[in-house]
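Read left to right, the sequence shown gives residues 0 to 400 (numbering that gives the first Met the number 0).
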Amino acid sequence: MLETINTDISIIGAGIAGSAIARELSKYDLSITVIEQKNDIGLEGTTTNHALVCQGADSLTFRPGTLHAELNIKSIPLWPKLAEELNFKFRRIGGLWLIRDNSDFKKFQKMYSRAFKSSLDPKSPLLIPEGSFMPLKFLNKKELKNAEPEISDEFFGALYDPNLATVNPPEVAKAYAENAKANGTEFLFNTKINNIKRVSGKFELYSDKYIIKTGIVINASGIEADRIAELAKARDFSYVPFKGTIVEFDDELGKMINHETLILPRGTPHMQLISPTYDGKLRAGIYLEMTFRSNKEIKDYAIKHAINVSKTLYPGLPFENHILKSFTGFMAMTNPDTGWHDFVIGIPEFVPNWINVILGPAGVSASPMLGKKVVEILSKSGVRFEEKKNYQPSIRKEVIS
């Protein structure tokens, strides 16, 4: 017989999105249950990414007016305080956008101008919160060599962004979750939702072990979001699952590279960058391909892409001898035909009290603002939020499966 659980809000998915939302909602006098089909926090897309936090110029490349841009830019000033509150590593590494020729230079001039305007103009669609953004700077070849002694001589300069940072996304997700747990949120692991019913204006979520009766559902199930939404007839979005392959190099090689370094791709969808991690290693790639989401096979050509990119940037370093691991993960890309990805965060017109959340690229970076956006959307729909008097922003309690 299935165990019945009653809760005000159910969050499906305990990746960085679901965990961030849970932490924000735990500030309010509501019962919250997070449902995860795996046996721990953040085992899918949260784990398999470049671990970068968009803090500067990269945020300004997102399309103005999109949730993608809004949440990333508004999250910029929140990260340092969040890292202090929840005691996770937040490392500023800075980014170098490498200049090969005049074409690159012209593109980076536009980015530089946009960053300057976004820091000063209150009417800018990408207004950066005051005091949270260090100015960009163009480096000549000598300055680039001083910043990265091993960089290829093929580059005659770079646009330097001192703001870029790196974290360990699973650590951040666990910090969100453990703070939510300490403030009363419940977690159900090894729980796959197989069916969803609407009964008297509420939702009943069915797994092999539970019937979860809930007034509000937040679908933050990552690459499974379409399947979950279809169970409730709440799918009002589409996306393409892209598989990305990344190669990680050891910390011996990590000592040789100080910044994220990248070149703009030409004639290829694959990202061409290498970046330090929060713990001194390096990650390179990303080889992107559309395939079935069950296909997690790591292809030799995807590994070769990461090595080739690394050697293009740093030809004198022996990357082949310092590979720690390679891994793949899936991210949801909306609007792949136009190239303007955007987040999906909203209530379907035909299914009240249900929020679909699809992030994709730069989802980690936007996570500090994600829960606040969900609260805003629910408030506008009529949900009343009463703050807890005893909410603790830093206390953590272990989440056990």
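Here a beta-carbon is modelled for each residue, glycine too, at the ideal position from N, C-alpha and C.
As the structure is a prediction and not an experimental result, all values here were calculated from the model.
The region 6-18 and the region 214-222 touch, with no fewer than 3 CB-CB distances between them shorter than 8 Å. Across the structure, residue 256 and residue 155 are spaced so that their CA atoms are roughly 18 Å apart. The alpha-carbon separation between residue 299 and residue 247 amounts to approximately 14 Å.
For residue 385 and residue 331, the gap between their C-alpha atoms comes out near 33 Å.
For residue 275, the enclosing beta strand (DSSP E) stretches over residues 272-275. Burial state of residue 282 is buried, judged by a 10 Å Cβ sphere holding 16 or more other Cβ atoms. DSSP places residue 367 in the uninterrupted alpha helix (DSSP H) bounded by 362-379. For residue 245, the closest alpha carbon among the candidates 199, 307 and 192 is that of 307. The distance from the Cβ of residue 174 to that of residue 395 is about 7 Å, consistent with a contact at the 8 Å cut-off.
Relative to residue 47, the option among 6, 197 and 284 whose CA is nearest is 284. Annotated three-state conformation of residue 309 is helix, per DSSP. Between the beta-carbon of residue 286 and that of residue 243 there is about 7 Å, and that keeps the pair under the 8 Å contact cut. Per DSSP, reduced to three states, the secondary structure at residue 72 is helical. Proximity of the region 32-51 to the region 302-320 falls short of the contact definition, fewer than three beta-carbon pairs being nearer than 8 Å. Under the DSSP assignment, residue 168 falls outside any beta strand (DSSP E), being part of the alpha helix (DSSP H) whose first and last residues are 168-181. In the DSSP annotation of this structure, the continuous segment of the beta strand (DSSP E) that includes residue 331 starts and ends at 322-332. Taking a contact as a CB-CB distance under 8 Å, the pair residue 344 and residue 353 does not count as one, their CB atoms being some 12 Å apart.
Cβ-Cβ separation between residue 35 and residue 188: approximately 5 Å, consistent with a contact (criterion under 8 Å). Counting along the chain, the unbroken beta strand (DSSP E) around residue 185 starts and ends at 185-187. Runs of alpha helix (DSSP H) with 4 or more residues, each lying fully within the region 234-303, are found at 250-253, listed in chain order. Of all C-beta pairs linking the region 21-33 to the region 70-84, fewer than three are shorter than 8 Å, placing the two stretches out of contact.
Contact between the region 89-107 and the region 47-57 is present: 3 or more CB-CB pairs across the two stretches fall below 8 Å. Here residue 321 is near residue 252, since their CB atoms are less than 7 Å apart. Taken atom to atom, the span from the alpha-carbon of residue 138 to that of residue 85 is near 35 Å. Between the C-alpha atoms of residue 379 and residue 304 there is a straight-line separation of about 46 Å. When the alpha-carbon of residue 113 is set against those of 132, 201 and 101, the nearest one is in 132.
DSSP places residue 20 in the uninterrupted alpha helix (DSSP H) bounded by 15-24.
Going by DSSP, residue 194 is part of the beta strand (DSSP E) stretching over 194-198. Under the three-pair Cβ rule at 8 Å, the region 360-371 does not count as touching the region 224-233.
Pairwise C-beta distances place the region 60-79 out of contact with the region 189-207, as fewer than three of them are shorter than 8 Å. As DSSP reads the structure, residue 90 sits in a beta bridge with 165. Taking 7 Å as the cut-off, the beta carbon of residue 316 is found no closer than this to the beta carbon of residue 147. Here the C-alpha atom of residue 237 lies approximately 38 Å from the C-alpha atom of residue 101.
Secondary structure of residue 64 (DSSP, three-state): coil. Nearest Cα to residue 65 within the set 328, 377 and 334: 334.
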